[in-house]
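Enquirer:
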Amino acid sequence: MTNTENYFKVGTIVNTHGIRGEVKIMAITDFAADRFKKGAELQIDTKQGFVPVKVQASRMHKNMWLVLFEGVTNINEIEKYKTHDIYVIGGAREKLGDDEYYYNEIIGCQVIDLAGNDIGVVSEIMETGANDVWVVSRDGQSDALIPMIDDVVKNVDVAGKLVTIDALEGLLD
1 MTNTENYFKV GTIVNTHGIR GEVKIMAITD FAADRFKKGA ELQIDTKQGF
51 VPVKVQASRM HKNMWLVLFE GVTNINEIEK YKTHDIYVIG GAREKLGDDE
101 YYYNEIIGCQ VIDLAGNDIG VVSEIMETGA NDVWVVSRDG QSDALIPMID
151 DVVKNVDVAG KLVTIDALEG LLD
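Following full-length UniProt numbering from start to finish, the sequence shown increments by one per residue and tops out at 173.
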């Protein structure tokens, strides 16, 4: 695997599809339509380093993205990349609005309550449809599930890696 410091994972090639060289990608990005659109430049992470690829065509199929890369004409040229991760270079990420964050900016943040008491560290983000839920790992306790709603999450300091929440009654039980 390669140093991914300036790269951001957007999916994983889980399999091939057909004999033309299409791959099935499990996307892990909120911007999948942009990431896999025609002309998008991506990087396949291999043991030898990143392999740059450009999307020739893509479509959704059974909750997976079917992607054909430029220059790939058959399954034999792409099969070696099964199970490899797909990245985008950091500068290619979408600009977010106020109060919007990338997962990697939130995961690892320390969580405190309004009184400054330590709650734990964000270890995972779950998408639920209505709102995201941040999983907070706590020492000696079960994980806390923090809904990403204005009533609960009061301040997010991305630079300081600190999230302040209003620990409403029953939230941390």
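We put the CB at the ideal spot given by N, CA and C, even for glycine. Nothing here was measured: the structure is a model prediction, and the numbers come from that model.
1. Three-state secondary structure (DSSP) at residue 176?
2. Could you tell me the alpha carbon to alpha carbon distance between G129 and Y103, rounded to whole angstroms?
3. Under the rule that 16 or more other beta-carbon atoms within 10 Å means buried, what is M148, buried or exposed?
4. Which partner residues of V135 appear in the DSSP bridge assignment?
5. Label G39 either buried or exposed according to how many other C-beta atoms from any shown protein chain fall within 10 Å of its C-beta, with 16 as the threshold for buried.
6. Under the DSSP definition of a beta bridge, which residues are partnered with residue 198?
7. Let me know if R35 comes out buried or exposed under the rule of 16 or more other beta-carbons within 10 Å of its beta-carbon.
8. Roughly how many whole angstroms lie between the Cα atoms of T29 and L172?
9. Taking DSSP as the reference, what is the three-state secondary structure of E105?
10. Hey, is the stretch 77-88 in contact with the stretch 104-112, meaning 3+ C-beta pairs nearer than 8 Å?
11. Ends of the beta strand (DSSP E) at V163?
12. Alpha carbon to alpha carbon, how far is V111 from P52? Give it in angstroms, no decimals.
13. Have a look at A167 and A27 and give me their C-alpha separation to the nearest angstrom.
14. Can you give me the start and stop residues for the beta strand (DSSP E) that L68 sits inside?
Expert: Checking against the coordinates, here is how it stands:
1. Given that the chain is displayed from residue 1 to residue 173, the structure contains no residue 176 and the question cannot be resolved.
2. Sequence index remark: in the sequence shown, residue 129 carries index 129 (1-based). Sequence index remark: in the sequence shown, residue 103 carries index 103 (1-based). Each residue's Cα considered, the two are about 16 Å apart.
3. If you number the sequence shown from 1, residue 148 lands on position 148. So M148 ends up on the buried side.
4. Locating residue 135 in the sequence shown gives position 135, where the first residue counts as 1. Answer is E124, L145, bridged to V135.
5. For the purposes of this step, residue 39 is taken as residue 39 along the sequence shown, with counting starting at 1. Exposed.
6. Past the edges of the chain, shown from 1 to 173, lies residue 198, and the structure says nothing about it.
7. Residue 35 sits at position 35 when you count from the first residue of the sequence shown. R35 should be labelled buried.
8. Translated into the one-based positions of the sequence shown, residue 29 becomes position 29. Translated into the one-based positions of the sequence shown, residue 172 becomes position 172. For T29 and L172, the distance between alpha carbons rounds to 28 Å.
9. Looking up residue 105 in the sequence shown gives position 105. Of the three classes helix, strand and coil, the one that applies to E105 here is helix, per DSSP.
10. no
11. Residue numbering aside, residue 163 sits at position 163 when the sequence shown is read from its first letter. Its beta strand (DSSP E) spans residues 162-165.
12. The count along the sequence shown starts at 1 and reaches residue 52 at position 52. The count along the sequence shown starts at 1 and reaches residue 111 at position 111. Those two C-alpha atoms are separated by around 37 Å.
13. Taking the sequence shown and counting its residues from 1, the one referred to as residue 167 is at position 167. Taking the sequence shown and counting its residues from 1, the one referred to as residue 27 is at position 27. C-alpha separation (whole angstroms): 32 Å.
14. As a first step, residue 68 is located in the sequence shown; it is residue number 68 there, counting from the start. It spans 64-69 - the beta strand (DSSP E) in which L68 sits, taken as one unbroken run.
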